[in-house]
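Participant:
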Amino acid sequence: MVVGFLFPANFLFYFLLVWPGVYFQWQINDNRCILTDLEYYLDGKTPPPGNNYEFPFVKKQLANLSIKIQNDMQIYYFLIYGLTAFWIIGFIRYYM
């Protein structure tokens, strides 16, 4: 989703469907990503109770890139605003 706005024009339509779909499923799944739930299921673990703003998948990927973010809400805002900005860029590219 981060680099989808760079796709060729004929694939941008699919990219434009992904971010609203992910955001919608977050809203109906108590701010939990279905892919994170699937990851927990496949690892045989149970998701941690309580705080739904822990972002285990994103933290793991950031750790692989040696990027440290202290606050979970910083990750939340990065995801919401960053992915929305990339989606808007893709939307503009699609219609141009």
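When you number the sequence shown by the working numbering, it's gap-free, plus one each residue, and the end is 108. For each residue, glycine too, the CB sits at the ideal point set by N, CA and C.
By a C-beta neighbour count over all protein chains shown, 10 Å radius and 16 as the cutoff for buried, is residue 23 buried or exposed?
Facilitator: Here residue 23 is taken as the residue at index 11 of the sequence shown, counted from 1. It is exposed - the Cβ of residue 23 has fewer than 16 other Cβ atoms within 10 Å.
Participant: What whole-angstrom Cβ distance do residue 27 and residue 19 have, given they're in contact under 8 Å?
Facilitator: Indexing the sequence shown from 1 puts residue 27 at position 15. Indexing the sequence shown from 1 puts residue 19 at position 7. With 8 Å as the limit, residue 27 and residue 19 qualify as a contact, their Cβ atoms being about 6 Å apart.
Participant: Verify whether the separation of the beta carbon atoms of residue 31 and residue 95 is less than 9 Å.
Facilitator: For the purposes of this step, residue 31 is identified with residue 19 of the sequence shown, where counting begins at 1. For the purposes of this step, residue 95 is identified with residue 83 of the sequence shown, where counting begins at 1. Yes, the Cβ-Cβ distance between residue 31 and residue 95 is below 9 Å.
Participant: Could you check whether residue 14 and residue 98 sit closer than 9 Å to each other, using their CB atoms as the reference points?
Facilitator: Start at 1 with the first residue of the sequence shown, and residue 98 comes out as number 86. Start at 1 with the first residue of the sequence shown, and residue 14 comes out as number 2. In contact: residue 98 and residue 14 (Cβ atoms closer than 9 Å).
Participant: In terms of residues, what are the limits of the alpha helix (DSSP H) holding residue 48?
Facilitator: As a first step, residue 48 is located in the sequence shown; it is residue number 36 there, counting from the start. Note, residue 48: alpha helix (DSSP H), 46 to 55.
Participant: Can you give the beta carbon distance from residue 51 to residue 60, rounded, assuming they're within the 8 Å contact cut?
Facilitator: On the sequence shown, position 39 is the one that residue 51 refers to. On the sequence shown, position 48 is the one that residue 60 refers to. Between residue 60 and residue 51 the Cβ distance is about 13 Å, and since that is not below 8 Å, they are no contact.
Participant: Do the CB positions of residue 112 and residue 90 come within less than 9 Å of each other?
Facilitator: In this structure the chain extends from 13 to 108, so residue 112 is not present and cannot be described.
Participant: Using three-state DSSP, classify residue 41 as helix, strand or coil.
Facilitator: Residue mapping note: residue 41 aligns to position 29 of the sequence shown, counting from 1. Reduced to three states, the DSSP call for residue 41 is coil.
Participant: How would you label residue 17, buried or exposed, when you count the other beta carbons within 10 angstroms and need 16 or more for buried?
Facilitator: The residue given as residue 17 occupies position 5 in the sequence shown. Buried, by the Cβ-count rule.
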